[in-house]
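This report refers to the structure that appears directly beneath it.
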Ligand code: 5GP
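Residue numbers (this note's numbering): 582 to 690.
The following block contains the structure:
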């Protein structure tokens, strides 16, 4: 699915792009700002990314910080990566959620 967004076959609202990452708005936002940051390279999960090259996750996370700046989230934000069934992962392509624009409670659901 997210490879199709990278390829432009499925439309998305792009907010940031580098040679290796893409950031676009979540289709079903749970916060006023809800952006997904993905590696363009297909890796299914955080587990798979860490096994292939820990730099992939570092690249994605550092781009999340850049996106938070672009989105003006100066009062704070949350970065979430769901991994596997118990983590609540639904899409099998590594993605980090950047959530902002409201307070986020802890613990998450
Ligand atoms: P997960 O539960 O895997 O961590 O999160 C998947 C996220 O992808 C969900 O927040 C969902 O709303 C979002 N999503 C699923 N399909 C699409 C799509 O086609 N386009 C966009 N922009 N987001 C999607």
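The beta-carbon is built from N, C-alpha and C at its ideal position, and this holds for glycine as well.
Because the structure is a prediction, the values reported are computed rather than measured.
Within the same chain, and ignoring the five residues on either side of residue 686 in sequence, no residue has its Cβ closer than 7 Å to its Cβ. Partner residues in the beta bridge of residue 681, as assigned by DSSP, are 614 and 658. At a threshold of 6 Å, residue 677 does not count as near the ligand 5GP, since its beta carbon sits no closer than that to any of the ligand's heavy atoms. Within the chosen limit of 6 Å, the ligand 5GP does not reach the beta carbon of residue 664 with any heavy atom. The beta carbon of residue 672 sits closer than 6 Å to at least one heavy atom of the ligand 5GP.
For residue 609, the Cβ falls inside the 6 Å cut-off from some heavy atom of the ligand 5GP. Looking at the DSSP output, residue 604 sits in a beta bridge with 597 and 618. Non-local C-beta neighbours of residue 644 in its own chain, meaning closer than 7 Å and more than five positions away in sequence, comprise 597, 599, 602, 604 and 618, ordered along the chain. No heavy atom of the ligand 5GP is found nearer than 6 Å to the CB of residue 630. Secondary structure at residue 665: helix, using DSSP grouped into helix, strand and coil.
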